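Chains A and B are the protein sequences, given in the same order.
Every position in the first sequence, counted from 1, becomes a number in my numbering once 13 is added.
Every position in the second sequence, counted from 1, becomes a number in my numbering once 71 is added.
Glycine is no exception: its CB is placed at the ideal position from the N, C-alpha and C atoms.
Please read all numbers here as calculations on a predicted model, not as lab measurements.
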Amino acid sequence: MVDHKVSKKICLVGDFGVGKTSLVRRFVDRSFSDQYLTTVGVKISRKLVEINPQSLQLLIWDLEGSSKFKAISATHLQGASGAIIVADLSRAETVKHLEDHIHTFLTINPKGMIIVALNKTDLVTTEAIAQVQKMPELNDPTKILGVYPTSAKTGDSVDQIFTKLAIAIL
Amino acid sequence: MNFLIKKLLEPKGMEYLSITKDLMIEDMSYGVKRFADLADTVEIGQDCRLGYPELIGMENMLMQILWGGSSSLELKGISRTNQKQPLYIDLYILGGQEQPNLINHNLLIFFEDVTDRMLLEQSLAQRSHEAALLLSSLTATKDYLQKIVTAIADALIVVTKSGAIKTINPAAQELFGYREDELINQPISLITSSHIFPDTYPQTIEVNCQKKDTSILTVAFSCSIIQTEVAGIDDLVYIGRDMTEQLQIQENLNLARTKAEEASQTKSLFLANMSHEIRTPMNGVLGLTELLAGTTLEPVQREFIEGIRTSGRNLLTIINEILDLSKLEAGQVQAEEYEFDLRDCVEDVVDLLAPLAHGKNLELTCMINPNLPIAIWGDRAKLGQILTNFLSNAIKFTAVGEIIVLVEPDPETGINFSVIDQGIGISAETINKLFTPFTQADNSTTRKYGGTGLGLAICKQLTQLMDGKIGVESKVGEGSRFWVSLPYDTNHADSDHQSQEFRFSGQTLLVVDSHTTTRWLVSTYAQSWGFNVAEASNKEEALDFLAAHPAPDLVITELALANIPELNHLPVIIVTRTNPEDTQLAIARNSDSYFLPKPLRLTRLLKSIENALYDHLPTQSRVNPPSTPSPKILNILLAEDNIINQKVASTLLKNLGHTVEIAANGAEVLKLLSTNSYDIILMDCQMPVLDGFATTAQIRQQEASTGMRTIIIAVTANAMKEDKEQCLASGMDDYLSKPFYKTEIEAMLKKWAKS
């Protein structure tokens, strides 16, 4: 072992601008900024999560978001125990791409755990959220642990998704 | 590490690590710590994953390279966030031996600083993503606006200031029958030739538009300016709705209203004419009947004549009621405002109908709250009409018992007038229909009691006219209370009323009457004047009182109980009913008492009390009528074109002892006047050749030079109030409505004979 703690790699995957970095910043640094700064390459953060009686060190890979011109880097996904697949509720196409991201991740990590974060709930109505939550492709329990409406801005459900994933991969 | 490799790596700024199969560092270049996440942990013999966390989770991949399963692994663009300056690195991982072997296998990890490239990439991606996000946001907004425009049910058109159509929505396409491409960039004059650029915005305009199929429709547009930041290039937005159908409906409504108004006027005119036309022959029928009744007749003939007379009068009542109601419904009646005596108004009605009630052996009592003011502002005639209706209904529908007319203050409205009877009552189901025209409680009522069912409908209209309230409470078999509340001012000081208060303070009054209501009425009034009142309901109680108390100052007793010798030496007022029996009894009685007829009037009661107490002249009994002077013989000119009516009127007038000459039209009147003079002219208003109004005008004109003035009394079948006003305006002195009765004409002649 590298340390006295157990370490696990998880990835944040999704289109550009859906708020992956913001979710990590909220979870790791307890902070939020409205300013958009796009991520290139990958940023790795460490966060120790206490799951009684154990503690787990999460290595959170904040991946560069995919765009029309650039796909998710497959090598970056390798060796991940789990992923948080993120969409922006205010941009329908990012929700549409969730399925592709899930597929990509599971192809590389067939045993990987997945949580879907429907981010930016602060920008949309509860009716719109409910509509997305009902999508059949997001309701496959064999692939997905759960679908959570989140807001990095308000912090809604952010700790919950990381903790839930940590428990699942431990 | 071989020297050659070091030489190769150095110029590129690359560093390396050599790690064992246990991932322990076995060799490293000098500067490799610069690329570590935790530099302190990068030492020979340490786990490489401590300083390079990107290797965590990659163990399987590393083993595959180590054992030749794959040749290499690249990890690109790893960001080190622990540095002051941004740092991005690429990792290349290779097997250390050409052939994997069990003794010496190791892995080489090369690190390259790619910060410059990544920062450039970040800057490019940042711009590209921001642009993409902006575009997406703009697209979403535009889509939403477009959806709104498309969804608007009203037609939407955006026009440039020069009048070119820029945008139209589907509703507009449907309204005008054009496709979108047929209208875009076309002048707005294609659909309307009207001026659609108002001076101020926002504005609503209604213009005629032409559809593609050339049909015309009226569209109401609301138009406003779409403000932009560049002045002068603002577009205009029009939201329009087809008004053609609504305008058609409005037009139809107007037409219907005009027609209805015309019909209503025609109805009113018809009713007025019908009333006139029926009244003229009715005058003949009733007049001749009255004359016929005055001749010697067989008993059977007399019976028939009475039948004709009664039927005729009933018919006249019905005609009058229909006329009243139609005038009220047509809004031709106004409530007037003038000062009148509240007591007189109410008690006159009660007096008028008392003989009817007494004829049926019903007790009739009228109680006006003594605290109410006497002088009231309002329309006496209309109040009288309502009360007459209530009271005659009460008498009609009561067989046994009593009727009370009650006038009391109403804290909400002003004054409440109730007529309470002990009649047949009305069931809860039919009570609501009562105030509707031509409705009686039920048809059997109509058969048994007669009447048109118009009376209460008229009362309701009259009450509404005076801003009052009207209602009824009733219980079948127990009786009814009809009431009307009118907004009369009861707060003004009434000097007359105040002066009556306590004027008989300290004096004792004994009321002897078997009728509870009468005792209550007399007591209430008398107490308000300051009397100490004692009541006795029969002879024994009266005697008991007289034995136990000092003699009262005054006794008020009913006729039946007046025969008490102990009362002889006291001032006594005897209350009688207006039926013939009581009158005969009163006359027969060798009386030194005052007689007071029922129903008791407040003023009459007060006057009698004053007389009885102070006058000490017991022979002035009210039953002895004052001798009337013999009437003056008048020379009368009767202007009347109808021969039957000529006969009726002239006979009546002759029977009254006057001399009569007849003129068949206005011209004849003028001719006769040129040679004769008359005390009074009875002038029919509607006559051939020259009508009553024109004739009167000419007479007055001629009289202006002589200084004489002949009394002219209009006689007309037109029963409307306006007709009376027209008569007086044309110079006539008074007005008599046809058909008239002997008593009416007698009173009229007496009135004018004096002058």
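Check	Outcome
According to DSSP, is B:Tyr-101 part of a helix, a strand, or is it coil?	coil
Within its chain, find whatever has a CB closer than 6 angstroms to the CB of B:Met-803; leave out the 5 residues flanking it on each side and keep chain order.	Thr-767, Ile-783, Ala-785
Mind listing the chain B neighbours of A:Val-62? Cutoff is C-beta to C-beta under 8 angstroms, in chain order.	Ordered by position in chain B, no residue passes the 8 angstroms Cβ test against A:Val-62, which lies about 15 angstroms from the chain.
Out of B:Leu-326, B:Ile-627, B:Tyr-409, B:Val-740, point me to the one whose CA is closest to B:Pro-668's CA.	B:Ile-627
I'd like to know if B:Gln-319 contacts chain A, where contact means its C-beta is closer than 8 angstroms to some C-beta of that chain.	no
Out of B:Gln-493, B:Asp-492, B:Val-478, which one is the CA nearest neighbour of B:Ile-486?	B:Val-478
Any Cβ of chain B within less than 8 angstroms of the Cβ of A:Leu-183?	no
Using beta carbons (cut-off 8 angstroms, strictly below), is B:Ile-149 in contact with chain A?	yes
Under a three-way DSSP split, which group does A:Asp-169 fall into?	strand
Quick one: does B:Ala-196 have its CB under 8 angstroms from some CB of chain A?	yes
Whose C-alpha, out of A:Ile-115, A:Val-62, A:Leu-158, A:Leu-72, is nearest the C-alpha of A:Ala-87?	A:Ile-115
With a CB to CB cut of under 6 angstroms and the five nearest residues on each side skipped, what residues in its chain are close to A:Pro-162?	Leu-131, Thr-134, Ile-142
Answer with buried or exposed for B:Trp-600, where buried requires no fewer than 16 other C-beta atoms within 10 angstroms of its C-beta.	buried
Are any of the Cβ atoms in chain B nearer than 8 angstroms to that of A:Ile-67?	Reading off the sequence shown, one finds Gln at residue 67 of chain A, where the question assumed Ile. Chain B, which has no Cβ nearer than 8 angstroms to the Cβ of A:Gln-67, makes this no.
Name the residues in the segment 150 to 164 of chain B whose C-beta lies less than 7 angstroms from a C-beta of chain A; which are they?	Ser-150, Thr-152, Tyr-159
Helix, strand or coil for B:Arg-648 per DSSP?	coil
So, is the C-beta of B:Ile-127 closer than 8 angstroms to a C-beta in chain A?	yes
With contact counted as at least three CB pairs below 8 angstroms, one residue from each stretch, are the segment 78 to 92 of chain A and the segment 14 to 34 of chain A in contact?	yes
Distance, Cα to Cα, B:Tyr-806 vs B:Asp-755?	10 angstroms
Measure the C-alpha to C-alpha separation of A:Gln-91 and B:Ala-242 and round it to an integer number of angstroms.	56 angstroms
Near B:Asp-762, what residues of its chain come up, given a Cβ to Cβ distance below 8 angstroms and the 5 sequence neighbours on each side ignored?	Gly-737, Cys-756
Between the Cα of B:Ile-389 and the Cα atoms of B:Gln-405, B:Leu-342, B:His-429, which residue gives the shortest distance?	B:Leu-342
Could you name the residues of the same chain whose beta carbon sits closer than 7 angstroms to that of B:Ala-683, not counting the 5 residues immediately before and after it, in chain order?	Leu-625, Pro-642, Ile-644, Tyr-665
If distances are taken between C-alpha atoms only, which option among B:Thr-212, B:Glu-245, B:Ser-208 comes closest to B:Asp-225?	B:Glu-245
Per the contact definition of three or more C-beta pairs closer than 8 angstroms, is the segment 542 to 555 of chain B in contact with the segment 487 to 505 of chain B?	yes
Excluding sequence positions up to five away, which residues of its chain have a Cβ less than 6 angstroms from the Cβ of B:Ser-234?	For the sequence presented, residue 234 of chain B should be read as Gly rather than Ser. The answer, listed in chain order, is Pro-258, Ile-259.
Check whether the segment 109 to 129 of chain B touches the segment 91 to 109 of chain A, taking contact to mean three or more Cβ pairs, one atom from each stretch, closer than 8 angstroms.	yes
Taking B:Ala-597 as the reference, which of B:His-176, B:Gln-769, B:Leu-671 has the closest Cα?	B:Leu-671
Specify the secondary structure class of B:Pro-124 as computed by DSSP and reduced to three states.	helix
Kindly list the residues whose CB is nearer than 6 angstroms to the CB of B:Leu-724, restricted to its own chain and excluding five residues on each side of it in sequence; keep chain order.	Ile-707, Val-731
The beta strand (DSSP E) with B:Met-754 in it runs from where to where?	751 to 755
Would B:Asn-354 and B:Ala-788 be called neighbours here (beta carbons separated by less than 8 angstroms)?	yes
Which value, in whole angstroms, describes the spacing of the CA atoms of A:Ala-179 and A:Val-145?	25 angstroms
May I ask which residues mark the beginning and end of the beta strand (DSSP E) holding A:Leu-69?	67 to 76
Give a single yes or no on whether B:Gln-217 has its beta carbon closer than 7 angstroms to a heavy atom of the ligand GDP.	For the ligand GDP, the structure offers nothing, since it holds no ligand at all.
Near A:Val-160, what residues of its chain come up, given a Cβ to Cβ distance below 7 angstroms and the 5 sequence neighbours on each side ignored?	Val-129, Leu-131, Gln-146, Leu-151
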